[in-house]
Amino acid sequence: MKRPLIGKPAGFSRQIARAMQQAISLTVHTARPDQAESVQSSLGTEVRLQKPDQLKLRLVYGAAEHSEATFKAAVYLEQLPTSTLGQVVLVAADLPSTQNPMQELAKVLPDGTVCIADRQTAGRGRGGNKWESPAGCMLFSVNAKLTIEGRLMPFVQYTVCLAIVQAIQEAAVSRLQGATLDVRIKWPNDLMAEGLKLGGILCHSAYSNRQFVSTIGIGINLANRQPTTCVDSLIEAAHAKAGLSGNPRPVTREELLARILGHLEKLLQTLMEQGFSSLQPAYEAAWLHSGQKVTLEEDTVGGPAEQIQVTILGLAPNGYLLATDASGQRFELHPDGNSLDFMKGLVRRKLST
Numbered sequence: 001m002k003r004p005l006i007g008k009p010a011g012f013s014r015q016i017a018r019a020m021q022q023a024i025s026l027t028v029h030t031a032r033p034d035q036a037e038s039v040q041s042s043l044g045t046e047v048r049l050q051k052p053d054q055l056k057l058r059l060v061y062g063a064a065e066h067s068e069a070t071f072k073a074a075v076y077l078e079q080l081p082t083s084t085l086g087q088v089v090l091v092a093a094d095l096p097s098t099q100n101p102m103q104e105l106a107k108v109l110p111d112g113t114v115c116i117a118d119r120q121t122a123g124r125g126r127g128g129n130k131w132e133s134p135a136g137c138m139l140f141s142v143n144a145k146l147t148i149e150g151r152l153m154p155f156v157q158y159t160v161c162l163a164i165v166q167a168i169q170e171a172a173v174s175r176l177q178g179a180t181l182d183v184r185i186k187w188p189n190d191l192m193a194e195g196l197k198l199g200g201i202l203c204h205s206a207y208s209n210r211q212f213v214s215t216i217g218i219g220i221n222l223a224n225r226q227p228t229t230c231v232d233s234l235i236e237a238a239h240a241k242a243g244l245s246g247n248p249r250p251v252t253r254e255e256l257l258a259r260i261l262g263h264l265e266k267l268l269q270t271l272m273e274q275g276f277s278s279l280q281p282a283y284e285a286a287w288l289h290s291g292q293k294v295t296l297e298e299d300t301v302g303g304p305a306e307q308i309q310v311t312i313l314g315l316a317p318n319g320y321l322l323a324t325d326a327s328g329q330r331f332e333l334h335p336d337g338n339s340l341d342f343m344k345g346l347v348r349r350k351l352s353t
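1 is the number of the first residue of the sequence shown in UniProt numbering; add one for each residue after it.
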């Protein structure tokens, strides 16, 4: 079985327990002074979260010298091309999870706020799993307020995956004299490279005041070469294969975060205005699955399970997989909810002709 992106499953370690007893410092950095004033007016200097276990956060405004975090907010803000996403960034050395404060404070934080941590001690994965992160992972969450039809919400995670791929390719092109990497989307919310997991996302959405507020958690193997592979390793290998001179510059978190949010802001705007149909060609060009053969196991009455092979054509209008069998009959493929690998736990629903 492949190892997960963030490493070994982590229980409630002593480090997490200590974090529950004392306040964790978050430095607040903003592109404009009025944004800092707005956050301070809404949150003050101390916040206690409901989860995990009444965690207390101490907010420090713009005082990077008092932070143990290594993320350079000023360098990031200089590169940020957005008008909304990422204009406010909360920075921590260690957090149980960047998702928790962003979800609980979503109603009072400015739209587009980002929370980034050097390390997560209880990061959240699919199915409520907790994962501990090795050094070199890029771990952050971003809140986005979306005025959008409910039927389009499943496509938010696809849009995020596309933005990440575009940002990684943009960083690679600048180091590889125009060449790109073989980074692909694995439906519905993973990033793959050379058959190994490179990253993943987790979306949580709530509806309020005629808007959806999505808290999008993202983990990317940026500089950690274990347990799978990372962006820096991929670029170094491509650089050597192309016979380019010198060594490529490492991709920093500051650079990649600014690039991701730049692409994501544009793509989310397109999703809200035009739906996913205008993004689908780019998404399917970046994913793993067009033409992929998938074998489904279906129960039969009084006999062994029947194996049926189908071919993936693309995405169905509702965001599930669209596939066809040997007779040309089309199906939607849905996860069965029993497998952590969605591609290994699919059931089909026949589409009317």
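Glycine included, each C-beta is placed from N, C-alpha and C at the ideal position.
{"Item": "So for C230, helix, strand or coil by DSSP?", "Value": "coil"}
{"Item": "Suppose you measure from the CA of L244 to the CA of E194; what does that come to, to the nearest Å?", "Value": "21 Å"}
{"Item": "Leaving out five residues before and five after R18 in sequence, what residues of the same chain have Cβ atoms less than 6 Å from its Cβ?", "Value": "Confidence is the limiting factor: at R18 the pLDDT is only 49, short of 50, which leaves the residue's position unreliable, though a coordinate-based value still follows. Around R18: no qualifying Cβ."}
{"Item": "Enumerate in chain order the residues of its own chain whose CB-to-CB distance from G44 is below 8 Å, with the five nearest sequence positions on each side excluded.", "Value": "L59"}
{"Item": "When we look at the beta-carbon of T300 and count the other beta-carbons within 10 Å, is it buried (16 or more) or exposed?", "Value": "exposed"}
{"Item": "Alpha carbon to alpha carbon, what distance is there between A172 and R259?", "Value": "12 Å"}
{"Item": "Using a Cβ-Cβ cut-off of 6 Å (strictly less than) and excluding sequence neighbours within five positions of L321, which residues of its own chain qualify?", "Value": "I312, L333"}
{"Item": "Please list the terminal residues of the continuous beta strand (DSSP E) segment that includes H289.", "Value": "Counting along the chain, H289 falls outside any beta strand (DSSP E), and DSSP gives it neither H nor E."}
{"Item": "How many whole angstroms separate the CB atoms of V89 and I116, which I take to be in contact at a CB cut-off of 8 Å?", "Value": "7 Å"}
{"Item": "Kindly list the residues whose CB is nearer than 7 Å to the CB of Q211, restricted to its own chain and excluding five residues on each side of it in sequence; keep chain order.", "Value": "K145, L146, T147"}
{"Item": "In its own chain, which residues sit with a C-beta less than 7 Å from the C-beta of V91, not counting the 5 before and 5 after it?", "Value": "L26, T27, H29, S67, A69, F71, A73, I116"}
{"Item": "Can the beta-carbon of T324 be found less than 9 Å from the beta-carbon of V347?", "Value": "no"}
{"Item": "Mapping the DSSP letters down to three states, classify S133 as helix, strand or coil.", "Value": "coil"}
{"Item": "Can you grab the Cα-Cα spacing for the pair V213 / N143, in whole Å?", "Value": "7 Å"}
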